[in-house]
Amino acid sequence: MFHMGWFMGTGFGVYNWNQRWSGNVSQDVGNPQLFVDMATSLERAGFSYMMLEDSSVLPNVHRGTFESSVKNGGTIRFDPVPLIPFLTAATKNIGIVATISTSFYHPFMAARLFSTLDHVTNGRVGMNLVTSSNKSAMQNYGLKDLIPHDERYARANEWVDVVKALWDSWDEDAVLLDEVNGVFADHTKVHTVDFEGKYYRSRGPLNTIPGPQRHPVICQAGGSDAGREFGARNADTIIAAVKGVEEMKSYRDDVSARMIALGRDPKDVKVLFLISPVLADSKAEAEEKNAAMLKASAENIDAQVAGFSYFTSTDWSKYDYDEPFPDLSKNEGHQSTMNDFARSGATIREAVTNHRTQESVPLIGTPESIATEMGEYMDYAGGDGFLIAKPVTRQNITEIADGLAPALRKQGLIRPSYEHSTFRDNLLAY
């Protein structure tokens with residue numbers, strides 16, 4: 263069996279606004295109910311978790327205006343953290359992961375917040391850690407410029423150390439709840455952490471008590487060398503955006519080797535690969551559906567370039583789209599994403615048109631045929647599962663939860679039920 267998750271690329275945001283089946287008509291914008299419906303559907307389908315991406319910047323890099331950001335609502339983001347209790351209140355087992363930035367959240371604030379959420383969710387919360395690679399986002403938090411790529415990861419490693427030290431500032435047996443003697447907790451088992459690092463310091467302890475997981479699940483998506491090392495060192499689940507089954511296998515093998523070198527058991531991190539399956543009642547219909555989506559993407563080239571501008575903090579509208587793809591080796595933005603763009607085409611137009619971050623392998627066909635392919639790919643690559651990376655529309659949710667998931671379950675590829683009560687334990691179940 264392997265794990266299934268859903269990568270929500272616009273987080274608690276606006277998806278395909280005002281289009282057929284989008285579910286993001288006016289009454290859904292900023293309303294938790296669409297995502298509550300999604301959570302209950304994915305739990306019924308046996309998914310391990312939902313991951314809400316996030317960004318705290320409204321880009322105006324492309325053409326120097328906010329038009330590409332707000333015209334279709336695609337970069338509107340509500341903070342995903344307040345959404346978590348809504349989703350877990352409506353479900354019993356599925357894990358909910360929200361994105362926070364190690365560059366913007368102080369470790370004490372993050373440790374206290376997610377310890378609290380661990381209680382509120384009965385042990386079903388996780389944090390997706392990003393270092394943030396956009397200059398304007400840095401400026402929103404008072405920083406003048408983008409922190410260099412590798413330094414962001416060095417800071418993030420120390421950030422995790424502080425957070426984990428704070429989560430451990432209460433011993434496992436510190437909380438007594440002794441009603442007879444009137445003792446809530448043993449004060450001798452609560453400690454300061456007195457952390458003094460290069461980037462952070464914190465006294466501790468937390469003034470919350472440990473939650474059901476003690477350590478909420480840590481999720482991470484990093485394709486660069488520094489990103490992979492960070493994931494191998496700190497993560498419980500990793501989102502992998504690679505191309506092809508050979509790269510899937512290579513990525514899993516690389517993470518495993520890094521974990522062994524760091525003294526960790528490779529089984530303790532679950533690597534899930536991004537996919538964007540195109541489903542229909544027949545292979546021919548699915549191919550036709552995929553061709554229509556590719557055509558729409560090619561016709562909307564300016565929107566694709568706008569996304570590229572965001573990732574690189576560079577206005578590519580100033581360039582000829584048919585000129586050779588530029589050298590981005592010194593860019594401090596999303597390095598793995600930029601490398602994916604660079605190998606997607608010889609020119610800017612080819613690269614952004616062909617670029618498909620959201621699929622490690624193409625999956626086009628019926629639920630049954632795609633389920634078979636997924637099983638074969640996972641068996642070869644040795645990974646731990648897949649993350650659906652499609653827009654949050656009611657049609658997409660139904661196709662996956664009520665079409666693909668039953669086909670996967672029929673082939674014995676995904677869980678028939680949940681074995682445990684916490685997110686962490688369900689991740690480690692297999």
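If you use my numbering, the sequence shown corresponds to residues 263 to 692, in order. Just so it is clear, CB atoms sit at the ideal spot from N, CA and C, and this is done for glycine as well.
Start and end of the alpha helix (DSSP H) containing residue i?
i	result
M636	629–643
Y513	507–523
N277	Reading off the sequence, residue 277 comes out as Tyr, not Asn. It is not in any alpha helix (DSSP H) - Y277 carries neither H nor E in the DSSP assignment.
D407	Segment: none, D407 is in no alpha helix (DSSP H) and carries neither H nor E.
F297	295–306
F685	685–689
P472	Note, P472: premise wrong, no alpha helix (DSSP H); not H, not E.
L670	667–672
S288	Looking at the DSSP string, S288 is not in any alpha helix (DSSP H), and its letter there is neither H nor E.
Could you have a look at residue i and say whether DSSP puts it in helix, strand or coil?
i	result
E458	strand
N419	helix
A502	strand
N355	coil
T609	strand
R463	strand
A360	strand
F348	helix
M313	strand
R386	coil
I537	strand
G489	helix
M270	strand
L625	coil
K397	helix
H324	helix
P586	strand
L675	coil
V332	helix
What residue range is occupied by the uninterrupted beta strand (DSSP E) comprising residue i?
i	result
T378	No beta strand (DSSP E) holds T378; the alpha helix (DSSP H) holding it covers 369–382.
A447	445–447
D440	437–440
S571	Note, S571: premise wrong, no beta strand (DSSP E); alpha helix (DSSP H) at 563–574.
I650	647–650
Q482	479–482
Looking at residue j and residue i, is the spacing between their C-beta atoms short of 8 angstroms?
i	j	result
N396	Q482	no
I346	V387	yes
V540	A502	no
F269	L649	yes
A372	V452	no
Y583	R611	yes
F370	S464	yes
A301	T353	yes
G647	G267	yes
G357	A651	no
L314	F274	yes
I632	L666	yes
I471	D498	no
N419	F492	yes
To the nearest whole angstrom, what separates the beta carbons of residue i and residue j, a pair I think is in contact under 8 angstroms?
i	j	result
Y277	P586	Y277 to P586, Cβ: 34 angstroms. No contact.
R363	V392	Strictly speaking, residue 363 in this sequence is Ser, with Arg absent from that position. Confirmed, about 5 angstroms.
S318	N402	6 angstroms
V623	Q566	Rounded, the Cβ-Cβ distance is 21 angstroms, inconsistent with contact.
A643	R495	A643 to R495, Cβ: 22 angstroms. No contact.
P467	L524	About 27 angstroms separates the two Cβ atoms, so there is no contact after all.
R414	S579	The pair is not a contact, with the Cβ atoms about 27 angstroms apart (cut-off 8 angstroms).
I'd like to confirm something about residue i: is its beta-carbon nearer than 7 angstroms to some heavy atom of the ligand MG, or not?
i	result
N419	Only the bare structure without any ligand can be found here, which leaves the ligand MG out of the picture.
Tell me, please, whether the segment 496–513 touches the segment 622–640 by the rule of three or more beta-carbon pairs shorter than 8 angstroms. yes
The segment 372–385 in contact with the segment 434–445 per 3-pair CB rule at 8 angstroms: no
Is the segment 462–479 touching the segment 679–690, taking contact as three or more C-beta pairs under 8 angstroms? yes
Looking at C-beta atoms only, is the number of pairs between the segment 514–524 and the segment 321–332 that lie closer than 8 angstroms three or more? no
Would you check if there are 3 or more beta carbon pairs closer than 8 angstroms linking the segment 567–580 to the segment 536–551? no
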